[in-house]
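4 protein chains.
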Amino acid sequence: MKIRENKAHKLNIAYLGGGSRGWAWRLMADLALEESLSGMVRLYDLDFAAAQENEAIGNSLLQRPETKGKWRYQAVTSLKEALSGADFVIISILPGTFQEMASDVHTPEEYGIYQSVGDTVGPGGLMRALRTIPIYVDFAEKIRAYSPKAWVINYTNPMSLCTRTLYEVFPGIKAFGCCHEVFHTQDLLAAMLADIAGIKGLTRNDIKINVLGINHFTWINQATYQGTDLFPMYRAFVDKYYTEGFQLAGEANWQDDVFRCANRVKFDLFKKYGLIAAAGDRHLAEFMPAKMYLKDPATVEQWRFQLTPVRFRIKQKEDNDRFRSRVIAGEEQFPLTPSGEEGVRQIKALVGLDDLVTNINLPNQGQMEGVPAGAVIETNALLTGGQLRPVVAGAFPSDVQNLTIRHIYNQETILQAALKKDVNLAFRAFINDPLVQIDPQQAEALFTRMLENIKEYLPGWVN
Amino acid sequence: MKIRENKAHKLNIAYLGGGSRGWAWRLMADLALEESLSGMVRLYDLDFAAAQENEAIGNSLLQRPETKGKWRYQAVTSLKEALSGADFVIISILPGTFQEMASDVHTPEEYGIYQSVGDTVGPGGLMRALRTIPIYVDFAEKIRAYSPKAWVINYTNPMSLCTRTLYEVFPGIKAFGCCHEVFHTQDLLAAMLADIAGIKGLTRNDIKINVLGINHFTWINQATYQGTDLFPMYRAFVDKYYTEGFQLAGEANWQDDVFRCANRVKFDLFKKYGLIAAAGDRHLAEFMPAKMYLKDPATVEQWRFQLTPVRFRIKQKEDNDRFRSRVIAGEEQFPLTPSGEEGVRQIKALVGLDDLVTNINLPNQGQMEGVPAGAVIETNALLTGGQLRPVVAGAFPSDVQNLTIRHIYNQETILQAALKKDVNLAFRAFINDPLVQIDPQQAEALFTRMLENIKEYLPGWVN
Amino acid sequence: MKIRENKAHKLNIAYLGGGSRGWAWRLMADLALEESLSGMVRLYDLDFAAAQENEAIGNSLLQRPETKGKWRYQAVTSLKEALSGADFVIISILPGTFQEMASDVHTPEEYGIYQSVGDTVGPGGLMRALRTIPIYVDFAEKIRAYSPKAWVINYTNPMSLCTRTLYEVFPGIKAFGCCHEVFHTQDLLAAMLADIAGIKGLTRNDIKINVLGINHFTWINQATYQGTDLFPMYRAFVDKYYTEGFQLAGEANWQDDVFRCANRVKFDLFKKYGLIAAAGDRHLAEFMPAKMYLKDPATVEQWRFQLTPVRFRIKQKEDNDRFRSRVIAGEEQFPLTPSGEEGVRQIKALVGLDDLVTNINLPNQGQMEGVPAGAVIETNALLTGGQLRPVVAGAFPSDVQNLTIRHIYNQETILQAALKKDVNLAFRAFINDPLVQIDPQQAEALFTRMLENIKEYLPGWVN
Amino acid sequence: MKIRENKAHKLNIAYLGGGSRGWAWRLMADLALEESLSGMVRLYDLDFAAAQENEAIGNSLLQRPETKGKWRYQAVTSLKEALSGADFVIISILPGTFQEMASDVHTPEEYGIYQSVGDTVGPGGLMRALRTIPIYVDFAEKIRAYSPKAWVINYTNPMSLCTRTLYEVFPGIKAFGCCHEVFHTQDLLAAMLADIAGIKGLTRNDIKINVLGINHFTWINQATYQGTDLFPMYRAFVDKYYTEGFQLAGEANWQDDVFRCANRVKFDLFKKYGLIAAAGDRHLAEFMPAKMYLKDPATVEQWRFQLTPVRFRIKQKEDNDRFRSRVIAGEEQFPLTPSGEEGVRQIKALVGLDDLVTNINLPNQGQMEGVPAGAVIETNALLTGGQLRPVVAGAFPSDVQNLTIRHIYNQETILQAALKKDVNLAFRAFINDPLVQIDPQQAEALFTRMLENIKEYLPGWVN
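Residue numbers (the numbering used here), protein chains in the order written: chain A, 1344 to 1806; chain B, 1344 to 1806; chain C, 1344 to 1806; chain D, 1344 to 1806.
This is the structure in structure tokens:
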């Protein structure tokens, strides 16, 4: 990599999960639209064909007139090839197939446990973690071997545990996790300023927030617009829309799009705890006790969000695959529009071409009080001059601290269970999840079934 | 107070709750049987008549030939009289009447929440805390005013919050909390040595343990007899008696005595978590998720312990009152037998006449890792030469840490709610208790009823 | 204060030490040149005439064509008047007169102790702290009473102890300390890039650094330009100029200006410790053992910096006073040029009109490891949206940690001594200062004389 | 090892430095006099002949009528033989010869630096550490390999760094350091009770103290006899004997015995800092700035203690060797008297036969506030039932904290320098030692000479 005339040339990016549909495509578009960066992206994926298809798409962008950043794409067949010489490593993988995801999400439903996402906490998040951690152990070892100085950006869930695993195995790694859920909450606050105060045209960058917590259960305890405290206005906003909910203008209705919500969970959490929860309702709900928002489908509907069935994921993938085929066949044009993600801005800041303050997942090194050192948490961080440092975010009041710390220690238990391949330890984490409020015998039966369903991803576990 | 010839003379003890039946009588007996201490006990109680009756009993002991420690007793009508000049302050009170206790213990049953004791955690423990904390605020202020250098020994539940309140209000106080639950677990280990290894005649003092956790949810992570690790033997013991349970020889059957248990909960916790839980099963069960041991009366019976109905408490009090009348009337003799409690040994150590290592409730000042500074925890402490210092107990593994820290932060929330008279904050603690796994609407209804039931003890709370 | 159209109107600033020459004038110029801020500055000074003169100058700027920010100035006679309604409080005072400063700086010379500044550490810094702390106790109490929500910016030395005192007395204060020494080190690094790499035209804002330590003994452990690590280049730069020193182009020669230096101390510290010390050599030298850079005037000259005699300060003040008279008399024009200070940029960020990352003195709340919570340290901080939060700066290696922590604990001792008016405690801090390596008897004689010299500023101290 | 009838049989002790004169002989005597322990001691020493001589002496004790504990001694030629199967490892070695010790102690004198011992801190302590640490790295590795569960008791200086090295290399080690300096301070307090209060016949066990700090610079911040605070009495005692000093009855005069002192340094430290320093004056003096107690031989004499010349050590060794020869030749009888050391009591407690509270050197795990985790500090610890746990000792006031933390970080720097074989880092620790207040050029010359003198013990260091 070379910086010349305020541009970074010959950047090397290793993309693990390079056959990915969503994240990879958004990155390709953003890279093409950014004039100050250029170089090579190596795409590694267990599904090599998918990586090759992305290679084809990526390289085709060089021909497009809108493209300002010149990037070449190459599908590779080994982590070693992908990582050697990398300045950046981007990871977005799916651990296992939709079959395992179906077990994560839907098997608990037979036992009365409903999960709106099932990839972070709850029974599904735990199982997903158990099969993801060994993969990340391997990633960490390979990164240490082939690109120890590269910046590593993780997009895979469970975010906290993926990032935590990288540091556990290779403490010197320069890894962090990124998630856009907080952005949407800033969007909501911008919409609130229009709705309540008549201030139109703001974007999330106008809303200054202090973020703290863990991924998908992040909270805002200070929010300002031009120095004005937004909490009183949010209180009025919540009161106004508590019953009906509120959605951004132009956004698909929560009933039509599983990723949308009416923010009622968010509003309810504010009424209860006085802080602004900063993730989509479908994520937030999973961190709270089962009966609160996920008691049953009727309750979920009342709170105006949806469960995310795996059949939806499958359909989404099929749509994406068809879209990719058409693009490669030249039947459809790959859209070059900004994704709203921050990956490329982060890369720009980390090569030293820009400054950025944004929410980042990092091991605790002082940015939060009351959280064990090393636990991966999400707060603001400053990216500048090739450096990344968290901003001190402070502490929670004891009530929200309690909701959060429970997941932090559970994640630590899950990590230990995965590393030691310890079924009993994994079960102790399982029964301590707030979504698992069923009878112990039932819990054990469910746990055993779910573990059995993913056993091929747990080599070395004694059953 | 004067030490002469290895005896402490003219000790002044203030007994708050001095009309008490259980704790006060045990102390009287132990003081009478200890030859190295003598002095005056001032008995303060809202029920002055009860204090006077204890005065009569206490002074009558001077006539008994077995009496070695000469103590005079005096019922007083104000905290100021009780505390002025005190070297020690002993507190064992009942906050409110059996009517409030009945609300604590039995109202939740109507909502499907069963509590075996209801004085520490759970809905009952919370309500009891809310009405106890204001009383302890007053105690702390009066102790600061009238006896700031006295040692303060607390026996009242909820132990952690009573002790915590004293330090919150008067940080310079020399207070600590005492509880005998750990002793019984040492007795159990002594019985195990007889049962498994054939080593008879041991007492709890022969069993060396490391204790850590919070009151009534205390754990042993190291136990030895003459240097031998007792954990392998405990594993065998648990296996042998897991199904049937085990009771000490000579002890009343758990079916006949609400204070007894067959230790099945303790054994189950060992199988799950690998540490020895060190309290009676009826206490332990309340700290765990509702469905585990307290799902319903049938489950409780399966685990071989009993719920403690308030009608039992009332009967116990009536029996005690009748006994006291008979003693005063000379119809029955007050029994002078050692109580098994450690209060008097502690006093002896704290005046400088002895050394003692025992489990003590104190604010965390380094004795446990992973617990906020100042949270009241139970570990071993060294009492020697008039000094009291906790022994470093270490840390829990992440799973037991998680079970425990939840109660620690909940207690902190309850304290803040009580000090600020904040209904909403109290409710947030309420719904985060592991026994409260009911629907949120139900939880709110229950909370409101219970709060209403004790409102006369919550002056200044806006309803 | 109102924000309208991206401008802050009706800002109220209280300036304590409002008769000041340097800092006040620089602020006036910067305020006049900033178009997005306007309002009122209230000038409070023990020397009311000086405040009135500054009022006259300040108000005269309204007539100047270059003036973009409209500010009115008013000299007031009480802290209450100055503080009531203030959005910002700026403090730059001289504690005592040049007579006390002469004692601080020159009395130690009679005992072989040379100080290049004498206002931060060393015998002079200690004495200055003892007489400043009571003044800041008063400030803190008045701020709590009259403007508890105002941002408080301190420029007075000793910086750490002034800021620490404000927080000790009023923990809820929103105070921080600012210093430009780090800026000059960034300037030096920019000059280095021109000198070594031929990259011209950079300013300090192009140099991204991580700052940690205490005021005037701050260190840079990471420095980049466009993502490139500057440490290897600095090593070459130090080697090149170690013997002769290096000064910025256009800067007065160190022999002609007491505030200048040839950076040889800085270079030597880099050779010894491997980190970039980030303050002027005259400050840095005072934190190190006496014999290293301040053994005697000849040694100082060898290291190519100067001691700052008080006669220089007196002359500087006389020059300033003459200048002020001429300005008021209309004989000379007040120069409206940017000061290079950041006060106005900070105000802009703190009212919510800008973002800024800069070095700031704040109590430790997680930004440094290995430093007691609450000790005032200097690291980067993020100012955005009316919020101020330190950036996590990490930890020193054990050797630099040791040099620094010694001053941190000494400052804590000095604070306690000043608050308790404890001569002995002050002396213990005195003999533990690295500049005090003389015989204990001599040290005691010196301490006693210096204390006597400032006794009128130490009311309530028993002599 | 087996416990039978309250006795431990077949204990295996590995004695590293088994040819030692002082410590080994005291242990032999104490073992012989303790009836509850028996077993085998394996003596390992670079000087195998010396180990064989001790073997002969040790085995001869079996014939003595006073001998109650039956022990066999065996000189061995490898660490592996010594350690395999050991229950306890005792280490007391001399790193290098008297030639290196002479360099440690006397070379600095040529530069005006006087050391009263030269084995803990100061230039001598540093050099001794540099050559000891590699030896302890080897010990730790061998203990991990051959006796990972053994208790390891260290007597070698520098105590803190020896113990710290063991934990650095093998974190799971069960090692601790023991030192008798605190005992002598308890003896002094017992003598004070006789002198001031007329209470005769007390021993150090009657004096209850709280100990904190680092080895040889340990402090007592609470001391009681039968619960009575001894600090007021110590103040009077210090006043009474400040000028003349005080020695225990029966003790050799400080002028006649280099190990004795008149406690004037201890008294002066109390007058200055208000705490009771708890080591011999010759140790304490070395931790303080050079000019305070060790300016020159005349100052040392004024403070009434002696420097310890190496010629004295040599003579002591020669005397001991002659004594050993006579014992082996049967010309003199090995004296079987209690040593006053606690090693055997500790062993008894650690096999589970006794309880003991005593001062112990251990990594910080909560027992002291304000000290980095893992730094080796000296506080009370509880030894019971085969367990060893520090007692929470609290924190220093900021002034004594500052004196102490300087050495703690210096030791950390020395450890890192030794492990990395980093000359520059070692020099940074050297010039930060309070005894090194000489010119930097002189300091460098001295450092270089001293390092040269011990270079054969620093394999792998690039010169």
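Don't be surprised by glycine CBs; every beta carbon is placed ideally from N, CA and C.
Since the structure is predicted, the reported quantities are computational estimates derived from the model, not experimental observations.
According to DSSP, what are the bridge partners of residue i?
i, result
"C1604(A)", "Answer by DSSP bridge pairing: none, since C1604(A) is not bridged."
"P1733(B)", "A1724(B)"
"W1414(D)", "G1382(D)"
Grab the span of the alpha helix (DSSP H) containing residue i for me, first residue to last.
i, result
"P1640(B)", "1640 to 1645"
"L1794(B)", "1783 to 1796"
"Q1659(A)", "1653 to 1671"
"N1397(C)", "1391 to 1403"
"T1756(D)", "1741 to 1763"
State buried or exposed for residue i, treating a residue as buried only when at least 16 other CB atoms are found within 10 Å of its CB.
i, result
"N1596(C)", "exposed"
"Q1645(D)", "exposed"
"S1668(C)", "exposed"
"L1618(C)", "buried"
"Q1442(D)", "exposed"
"E1409(A)", "exposed"
"A1641(A)", "exposed"
"G1544(A)", "exposed"
"E1674(D)", "exposed"
Assign residue i to one of three DSSP states: helix, strand, or coil.
i, result
"L1778(D)", "coil"
"Y1636(A)", "helix"
"P1802(A)", "coil"
"A1716(B)", "coil"
"V1460(B)", "coil"
"V1694(D)", "coil"
"W1325(D)", "Residue 1325(D) is absent from the structure shown; chain D starts at 1344 and stops at 1806."
"T1528(B)", "helix"
"N1767(C)", "helix"
"L1469(C)", "helix"
Leaving out the 5 sequence neighbours to the left and right, which residues in its chain are closer than 8 Å to residue i when beta-carbon positions are compared?
i, result
"I1516(B)", "A1483, I1486, R1487, P1491, V1495, L1509, Y1510"
"V1554(A)", "V1525, T1561, W1562, I1563, A1621, N1702, E1721, T1722, N1723, A1736"
Residues in the same chain with beta-carbon distance under 6 Å from residue i, minus the five sequence neighbours each way, listed in chain order, please.
i, result
"G1686(A)", "L1370"
"R1385(C)", "A1357, Q1417, V1419, A1425"
Short of 7 Å in beta carbon distance, which residues of its chain neighbour residue i, apart from the five on each side in sequence? Order them along the chain.
i, result
"G1455(C)", "I1781"
Could you give the residue range of the beta strand (DSSP E) that holds residue i?
i, result
"K1517(B)", "1517 to 1520"
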